[in-house]
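Below: one structure, written as structure tokens.
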Amino acid sequence: MTSGAAVRPSDSAVALRMTGVRKSFGAVRALDGVDLEVRVGEVHALVGENGAGKSTLMKVLSGAHAPDDGTMELFGRPFAPAGPLDARAAGVAMIYQELNLAPHLTVAENVLLGREERGPLGVIDRARGAARVEAALGALDHADLRADDRVRDLSPGARQMVEVARALAFDARVVVMDEPTSSLGKRDVERLFEAIRRLSERGVAVVYISHFLDEVSRVGDRYTVLRDGRSVATGDLADVGHDPLIEAMVGRTIDDVFPRVPRTPGDVVLRVEHLAGRELPVDASFELRRGEILGIAGLVGAGRTEMLRAIFGLDAARGGAVDGRERTGLLSENRKEEGLLLNLPIAVNVTLSKLDPFTTLGVVDARRQEAATASWIDRLGVRCVGPRQPVGALSGGNQQKVALARLLHHDVDVLLLDEPTRGVDVASKAEIYRRMGELAAAGKGIVFVSSYLPELLGVCDRVAVMHRGRLGAPRPVEEWSENALLEEATTGGT
Ligand SMILES: Nc1ncnc2c1ncn2[C@@H]1O[C@H](COP(=O)(O)OP(=O)(O)OP(=O)(O)O)[C@@H](O)[C@H]1O
Ligand SMILES: [Mg+2]
């Protein structure tokens with residue numbers, strides 16, 4: 126050993142180091158001593174259950190939350206951003222799932238937003254800005270993304286690319302993606318992965334948060350597992366299988382992700398005949414029986430969400446008939462826009478649509494309302510302080526579970542579920558599948574829209590594919606494979 130300070134040879138390759146980071150919200154200890162080391166040019170997967178602290182950790186990194194304790198280093202220098210702008214100036218870019226784009230502006234304007242190039246006299250230098258945008262778009266090589274397109278006309282995948290372009294245009298050195306693929310179709314996922322590879326080749330460090338472990342092992346180099354606000358495992362993804370990862374996340378193994386509850390189909394409980402919406406769906410027909418789970422596959426934008434909304438009666442139909450509409454309840458895909466009241470307690474959100482079990486002479490018994498909510502919290506494994514906590518303080522996946530609890534509390538005969546496991550962790554997904562099986566066994570009918578093919582194949586009795594607004598004939602799940610579903614989703618089965 127030589128004398129002097131310890132030399133850490135790997136230091137030159139470390140882009141970001143977070144040490145002993147703590148953050149509490151009131152009594153909730155969201156981060157309880159997290160260590161994270163991300164190297165230059167690597168894709169670092171950050172995984173963990175709903176509420177483990179992943180988004181909070183990244184908000185500390187991006188300057189949105191000040192940590193209570195702990196230190197950060199960026200490229201070997203102490204890093205303590207005063208706020209998001211400060212972090213951005215230091216080269217940290219966040220790409221949120223709910224994108225931060227201005228829809229009425231063009232791609233170029235969004236890429237440059239808030240950071241216009243200024244010449245010597247403080248005049249905005251349009252030529253330089255345009256050159257930056259072109260270089261960034263060129264580096265992404267995304268054929269259908271042009272600088273003067275309006276963002277509102279873009280697909281979800283293309284919008285995400287605008288965010289990536291924004292990071293590239295301003296030389297971000299650490300890019301964080303928090304569940305970037307949860308609203309993307311398969312093709313857009315591939316494009317995003319290609320963009321991520323291009324970022325890594327330029328030496329950008331990418332922190333990638335996802336609940337899809339198959340994606341994580343494809344795109345990631347190393348991983349860190351968070352559990353209950355602590356970093357509990359880290360290493361090379363090449364050296365670890367899914368099972369040990371899941372075990373590190375949840376503290377146990379999950380032996381059966383797709384539990385099968387025995388059930389037999391009963392009477393027809395919902396009949397949809399040649400249903401057509403204003404634009405989508407174009408033509409959808411099926412029958413759903415009690416005790417049956419019918420899966421609906423299709424590309425993003427094929428019209429599956431519109432079909433559920435038209436069945437439920439949220440959007441007016443242009444033609445066709447729905448028999449059984451009054452028995453349906455809808456879990457909408459977009460919990461932010463039309464779902465939850467974020468400022469109100471979980472108990473209010475879960476029970477608002479059906480208060481009569483707790484109401485005597487017009488007065489709601491809050492104790493019984495909270496007790497009923499507590500039982501849903503328990504059954505769905507919602508991670509929270511209690512029924513009185515505002516929904517807005519919950520992690521993304523836990524908000525999704527509250528939306529589901531609300532529908533289950535409402536107790537309808539037919540559940541229309543639009544991407545019910547979006548943002549939900551592996552263990553909770555298994556719990557939701559079990560619940561769906563139990564509901565079907567108890568005589569409910571379920572229409573299950575999902576873009577995650579393994580869960581359609583694992584959970585459903587029959588599956589139909591929607592292609593450009595037309596729903597194909599449902600077929601028994603045994604007759605489908607992932608490839609067959611993809612094929613039909615892409616070509617319409619012709
Ligand atoms: N603004 C806030 N106020 C109160 N509690 C919060 C707030 N933000 C996060 N929390 C709590 O901190 C914990 C960690 O939440 P975080 O959003 O970081 O989880 P996550 O790992 O991103 O989960 P998910 O996979 O569901 O997105 C949760 O218990 C959450 O309820
Ligand atoms: Mg999160």
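Per the working numbering, residue 126 is the first one in the sequence shown, and the count goes up by one each step. We treat Cβ as the ideally placed atom computed from N, Cα and C, and that holds for glycine.
My assumption, with CB atoms under 8 Å, is that residue i sits in contact with residue j. Please give the rounded CB distance.
i      : j      : result
ALA205 : ALA292 : Not a contact, Cβ separation roughly 22 Å.
VAL314 : VAL168 : Between VAL168 and VAL314 the Cβ distance is about 14 Å, and since that is not below 8 Å, they are no contact.
ARG414 : VAL393 : 5 Å
GLY310 : LEU424 : 5 Å
GLY354 : ARG142 : Not really, about 18 Å apart at Cβ, beyond 8 Å.
ALA233 : MET286 : The Cβ separation is near 13 Å, so there is no contact.
GLY548 : GLN525 : 5 Å
THR332 : GLY594 : The sequence given here places Val at residue 332; Thr does not occur at that position. The Cβ separation is near 38 Å, so there is no contact.
LEU405 : GLU372 : At roughly 42 Å, the Cβ-Cβ gap does not stay under 8 Å, so LEU405 and GLU372 are not in contact.
Determine the direct distance from the alpha carbon of residue j to that of residue i, and round the result to whole angstroms.
i      : j      : result
VAL516 : ILE471 : 5 Å
ARG133 : GLY201 : A caution first: ARG133 carries a pLDDT of 48, below 50, which makes its placement in the model too unreliable to give a value.
ALA297 : SER342 : 24 Å
ARG396 : ASP303 : 39 Å
THR181 : VAL588 : 38 Å
THR615 : ALA442 : 25 Å
GLY166 : PRO369 : 25 Å
ASP157 : ARG452 : 46 Å
HIS592 : TRP605 : 16 Å
ARG617 : GLY176 : Note on identity: in this sequence residue 617 is Gly, with Arg being the wrong assignment. Cα-Cα distance, rounded: 39 Å.
TYR577 : ASP250 : 45 Å
MET126 : LEU324 : Only weak support is given to the placement of MET126: the predicted model assigns it a pLDDT of 41, under 50, and the value that follows is read from those uncertain coordinates. Taking the straight line joining both Cα atoms gives about 38 Å.
PRO599 : LEU161 : 47 Å
GLY129 : GLY208 : In this prediction, GLY129 scores a pLDDT of 43, lower than 50, which makes its location untrustworthy; the coordinate-derived value is nonetheless stated afterwards. Their backbone Cα atoms lie some 36 Å apart in a straight line.
ALA401 : VAL539 : 20 Å
ALA272 : LEU237 : 11 Å
ILE220 : GLY391 : 46 Å
VAL301 : VAL475 : 32 Å
GLY195 : VAL185 : 10 Å
ALA427 : ILE557 : 25 Å
HIS535 : SER478 : 7 Å
VAL510 : ASP193 : 20 Å
LEU455 : MET183 : 32 Å
ALA290 : ARG284 : 10 Å
SER410 : ARG560 : 26 Å
ALA496 : LEU480 : 13 Å
LEU610 : ARG429 : 14 Å
PHE295 : ARG316 : 21 Å
GLY151 : SER356 : 21 Å
GLU603 : GLU612 : 16 Å
ALA131 : VAL163 : Residue placement at ALA131 cannot be trusted, given a pLDDT of 47 that sits under 50; what the coordinates show is reported in the next sentence. ALA131 and VAL163: Cα-Cα distance of roughly 20 Å.
VAL340 : THR231 : According to the sequence as given, residue 340 is Glu; it is not Val. Their backbone Cα atoms lie some 30 Å apart in a straight line.
Start and end of the alpha helix (DSSP H) containing residue i?
i      : result
GLU198 : Unbroken run through GLU198 is the beta strand (DSSP E), 194 to 199; no alpha helix (DSSP H).
LEU351 : LEU351 -> not in any alpha helix (DSSP H); beta strand (DSSP E) instead, spanning 347 to 352.
LYS311 : 311 to 326
PHE437 : 429 to 437
HIS592 : Here HIS592 belongs to no alpha helix (DSSP H); instead the beta strand (DSSP E) covers 587 to 592.
GLU288 : 281 to 294
SER180 : 179 to 186
TYR577 : Counting along the chain, TYR577 falls outside any alpha helix (DSSP H), and DSSP gives it neither H nor E.
With distance defined between alpha-carbon atoms, name the residue in the options nearest to residue i.
i      : options                        : result
VAL527 : ARG593, GLY423, ASN459, GLY583 : ASN459
ALA552 : PRO281, ASP273, HIS336         : HIS336
LEU171 : ARG327, GLY454, TYR348         : TYR348
GLY562 : ARG492, GLY444, ASP586, PRO579 : ASP586
PRO482 : LEU469, THR498, ASN468         : THR498
ARG277 : ASN235, VAL574, ALA290         : ASN235
LEU419 : VAL584, ASP193, ASP339, ARG164 : VAL584
HIS622 : ASP193, GLU198, ARG275         : Absent from the model: residue 622. The displayed extent of the chain is 126 to 619, so no value can be given.
GLY376 : ASP361, LEU351, ASN225         : LEU351
THR144 : VAL163, PHE150, ALA138, MET197 : MET197
ALA565 : VAL146, GLU417, GLY548         : GLU417
GLY445 : GLU398, GLY328, LEU226         : GLU398
Tell me the residue span of the beta strand (DSSP E) that contains residue i.
i      : result
GLU398 : 393 to 402
VAL172 : 168 to 172
SER149 : 139 to 150
ILE502 : No beta strand (DSSP E) holds ILE502; the alpha helix (DSSP H) holding it covers 491 to 505.
GLU162 : 153 to 164
ARG355 : 355 to 361
VAL299 : 299 to 303
LEU455 : 453 to 456
GLU613 : Counting along the chain, GLU613 falls outside any beta strand (DSSP E), though it belongs to the alpha helix (DSSP H) covering 607 to 616.
The stretch 357 to 366 / the stretch 539 to 546 touching (three or more Cβ pairs under 8 Å) | no
I want to know whether the stretch 425 to 440 touches the stretch 486 to 494 - three or more CB-CB distances under 8 Å. no
### Message
Quick check: the stretch 185 to 198 against the stretch 384 to 398, are at least 3 beta-carbon pairs closer than 8 Å?
### Response
Not touching, per the Cβ criterion.
Requested in this report: Examine the Cβ distances between the stretch 498 to 508 and the stretch 527 to 540 and report whether three or more of them are shorter than 8 Å.
Outcome: yes
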